[in-house]
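Presented below is the structure to which this report refers.
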Amino acid sequence: MKPSLLVARAIFPEVLQKLEQVFDVTSNQTDETWSKAQLTNKLQGKVGTLTTGTDRIDAEVLAACPQLKICANMAVGYNNFDIAAMTAAGVLATNTPDVLTETTADFGFTLMMATARRMTESEHYLRAGQWTKWSYDMFAGSDIHGATLGILGMGRIGQGIAKRGAHGFGMNVIYHNRSRLDAASEDACKARYVSKEELLKTADHLVLVLPYSASSHHAIGAAELALMKPTATLVNIARGGIVDDAALAAALRDRRISAAGLDVFEGEPAIHPDLLTVPNVVLTPHIASASVPTRLAMANLAADNLIAFFTHGKALTPLNAA
Ligand code: DGY
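Each position in the sequence shown, counted from 1, maps to that position plus 1 in the numbering used here.
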């Protein structure tokens with residue numbers, strides 16, 4: 002008998018077919034949004050599940066699903082998993098590192114450029130039929146080349162953004178991270194380690210790429226925004242909750258910073274209403290890793306983790322030692 006698997010969200014049909022060769026699969030190809038109670042209900046009798054960042058696996062879910070052995074997240078971020086509770090319950094957690102690094106770094110850079118050069122604000126103006134003549138200061142933004150790029154969180158994606166900035170655009174790269182990179186990695190990124198305070202005060206463009214946890218909750222709030230240059234831009238491609246969205250909307254409205262680019266939001270897909278009323282923000286719906294090849298690679302890695310675990314007893318990219 003094949004092991005029972007729940008694929009909690011819609012995925013590529015070819016990946017589903019691959020899973021069906023090994024598992025007795027219950028899928029959600031209509032991509033219904035399940036409450037925690039519905040997810041718990043669907044997980045009954047399942048030994049494995051393929052989840053995305055919107056599916057919360059915590060002590061309550063685990064207690065109700067004692068047969069569960071592995072949760073394979075189709076995401077590099079895993080703040081939807083309570084890893085301590087999973088380890089205590091003997092449930093393996095996996096994620097999808099590496100396969101999305103370059104695509105996500107591309108997007109971080111794209112969002113930074115769109116923010117600095119006021120892309121969406123100017124497009125809305127044009128589409129609204131307001132463009133009647135050229136003028137010297139119309140949608141004049143800030144430069145990327147030669148500017149100081151600040152990166153908070155210098156993991157694989159942060160380093161990818163740093164390399165694009167330093168080598169492609171002649172940017173002066175500074176970063177802050179829980180731990181400093183080794184000299185060779187700093188050299189490859191042409192990046193200089195600074196305190197968080199110096200990062201905030203010095204960056205022309207600040208990009209957030211740190212993981213979400215209790216300690217990074219509201220890492221950028223009113224106090225941090227107050228330290229930034231009034232000409233600076235802020236980009237968040239990490240996770241909602243790292244930025245205090247209400248404080249950011251107020252800072253954008255009062256022009257305490259120049260502009261922001263946000264791909265992730267506190268409580269997404271809901272958006273803080275004040276962010277929808279300020280013009281100087283570029284908003285995208287959590288798509289930083291969304292190129293077709295990369296999303297396919299993520300789905301395949303999540304599936305391969307499940308297959309490897311059940312066929313060889315060892316997942317490819319485990320997050321815990323359950
Ligand atoms: C990730 O991989 O963590 C992306 O944010 C997609 O959820």
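We put the CB at the ideal spot given by N, CA and C, even for glycine.
Proximity test, residue i beta-carbon vs the ligand DGY heavy atom, cut-off 8 Å
i: M299; result: yes
i: G78; result: yes
i: V236; result: no
i: A260; result: no
i: G268; result: no
i: V265; result: yes
i: S290; result: yes
i: R10; result: no
i: T53; result: yes
i: T105; result: yes
i: T312; result: no
i: T111; result: no
i: T318; result: no
i: T97; result: yes
i: R240; result: yes
i: H146; result: no
Contacts around residue i, its chain only, beta-carbon distance under 6 Å, and the 5 residues preceding and following it disregarded
i: M114; result: I145
i: L201; result: E225, L228 and M229
i: R245; result: Before going further, note that residue 245 is Asp rather than Arg in the sequence given. Cβ within range, chain order: H219 and G222.
i: L211; result: L153, G154, S217 and A239
i: R181; result: Y194
i: L263; result: N237 and L284
i: R157; result: T102
i: G171; result: H146 and G147
i: Q30; result: A11
i: A89; result: none
Cβ shell of residue i (< 7 Å), same chain only, five flanking positions each side left out
i: F82; result: I58, C72, N74 and A94
i: A247; result: H273 and D275
i: G388; result: No answer is possible for residue 388: it lies beyond the span of the chain, which begins at 2 and ends at 323.
i: P399; result: Because the chain here runs from 2 to 323, residue 399 falls outside it and cannot be looked at.
i: L297; result: F13
i: S28; result: V8 and L17
Cβ distance (whole Å) where residue i is taken to contact residue j below 8 Å
i: V48; j: S5; result: 6 Å
i: R256; j: P231; result: 7 Å
i: T234; j: A260; result: 5 Å
i: A148; j: D205; result: 4 Å
i: L112; j: V265; result: Between V265 and L112 the Cβ distance is about 11 Å, and since that is not below 8 Å, they are no contact.
i: T318; j: T102; result: With a Cβ gap of about 13 Å, T318 and T102 do not count as contacting.
i: H177; j: K164; result: No, H177 and K164 are not in contact; Cβ-Cβ is about 17 Å, not under 8 Å.
i: A289; j: T55; result: Contact flag wrong, Cβ pair sits at about 15 Å.
i: A323; j: G91; result: 5 Å
i: N321; j: M87; result: 6 Å
i: V26; j: T295; result: Between T295 and V26 the Cβ distance is about 23 Å, and since that is not below 8 Å, they are no contact.
Beta-carbon proximity of residue i to residue j, cut-off 9 Å
i: Y213; j: G242; result: yes
i: L127; j: L307; result: no
i: V208; j: K191; result: no
i: G109; j: I162; result: yes
i: F310; j: F24; result: no
i: R10; j: T41; result: no
i: A184; j: Q160; result: no
i: M299; j: A76; result: yes
i: G151; j: T203; result: yes
i: G46; j: Q68; result: yes
i: D107; j: S292; result: yes
Nonlocal neighbours in the same chain, by C-beta distance under 8 Å from residue i, ignoring five residues either side
i: K19; result: N301, A304 and I308
i: T121; result: A115, V283 and L284
i: K37; result: R57, E61 and V62
i: A85; result: none
Residue i: CB within 8 Å of a non-hydrogen atom of the ligand SAM
i: L101; result: Inclusion of the ligand SAM in the displayed structure is not the case, the ligand content consisting of the ligand DGY alone.
Residue-level contact to chain D via CB, residue i, 9 Å cutoff
i: T34; result: Within the model displayed, chain D is absent; a lone protein chain is all it includes.
List in chain order: all unbroken alpha helix (DSSP H) runs of 4+ residues lying wholly within the region 181 to 252.
184 to 190, 197 to 203 and 223 to 228
Unbroken stretches of the alpha helix (DSSP H), 4 residues or longer, contained in the region 46 to 131:
60 to 65, 84 to 89, 102 to 117 and 120 to 128
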